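Student: Counting along the sequence shown from 1, when you hit position 26 you're at 26 in full-length UniProt numbering, and nothing is skipped either side.
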Amino acid sequence: MMIIGAFALVIGLSLYTLLDAARTPAADARTLPKWLWIIVIIFFPIVGPVFWLFFGRPRSEKSAAEQPPAADTGRGLKGRRGTVPPAPKAPDDDEEYLRWLKAKAERQKRDRQRQEPRDDATDDTDGEK
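1) Given that a residue counts as buried once 16 or more other Cβ atoms are within 10 Å of its Cβ, and exposed if not, what is A8?
2) Is it the case that the segment 9 to 27 contacts the segment 41 to 54, given that we only count it when at least three CB pairs across the two stretches are under 8 Å?
3) For the alpha helix (DSSP H) that W35 lies in, which residues bound it at each end?
4) Q108 to D94, Cα distance in whole Å?
5) Which class does A65 belong to by DSSP, given the choice of helix, strand or coil?
6) Sort P45, R23, A29, F51 by Cα distance to A6 and report the nearest one.
7) I'd like the list of long-range same chain contacts for I4, defined as Cβ closer than 8 Å, with 5 residues on each side in sequence excluded.
8) Among V50, Q115, W100, M1, which residue has its Cα nearest to the Cα of G12?
9) Apart from the five residues on each side of it in sequence, which residues of its chain come closer than 8 Å, Cβ to Cβ, to P33?
10) Please list the terminal residues of the continuous alpha helix (DSSP H) segment that includes A90.
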């Protein structure tokens with residue numbers, strides 16, 4: 001029974017690490033190239049997955065956030081690994097959105113004012129007939 005459990009553990013760990021390595025961008029793989037990691041995981045099903053988890057897998061987001069942000073190279077590369085994206089603004093804090101909202105309200109008010117005299121004129125003619 002222990003042999004079956006150990007076999008299932010090795011297969012599960014190998015599948016997990018194989019899929020993880022396959023889904024990892026090639027630039028993020030550490031120590032070895034991505035294609036070599038996949039070969040190591042397939043041909044060495046016990047040590048390959050363990051090596052991938054410790055030496056090949058990209059660092060977690062937590063450890064990347066603890067590192068200081070990378071210096072801007074002036075090439076316009078935004079969202080580089082290790083940098084924190086700007087926090088999203090609430091709609092009521094966004095000046096451009098507030099201007100758009102105010103303009104929309106003014107347009108709606110003008111449209112209502114234009115429609116009111118027409119409604120009054122049609123009411124007068126309907127009452128006379």
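The C-beta atom is built at its ideal place from N, Cα and C for all residues, glycine as well. Source: prediction; values computed, not measured.
Tutor: According to the data block:
1) Residue 8 sits at position 8 when you count from the first residue of the sequence shown. Per the 10 Å Cβ criterion, exposed.
2) yes
3) Residue mapping note: residue 35 aligns to position 35 of the sequence shown, counting from 1. Its alpha helix (DSSP H) spans residues 34 to 43.
4) Within the sequence shown, numbered from 1, the residue matching residue 108 stands at position 108. Within the sequence shown, numbered from 1, the residue matching residue 94 stands at position 94. Computed Cα separation, rounded: 21 Å.
5) The residue labelled residue 65 in the question sits at position 65 within the sequence shown. Bear in mind that a pLDDT of 45 at A65, under 50, signals an unreliable position, so the model cannot answer this.
6) For the purposes of this step, residue 6 is taken as the residue at position 6 of the sequence shown. It is P45.
7) Position 4 of the sequence shown holds residue 4. Nothing listed; no residue qualifies.
8) Counting from one through the sequence shown, the residue named residue 12 turns up at place 12. The option with the nearest alpha carbon to G12 is V50.
9) Locating residue 33 in the sequence shown gives position 33, counting from the first residue. Cβ neighbours of P33 beyond the five flanking positions: A26.
10) Stepping through the sequence shown from its first residue, residue 90 is reached at position 90. No alpha helix (DSSP H) contains A90, which DSSP labels as neither H nor E.
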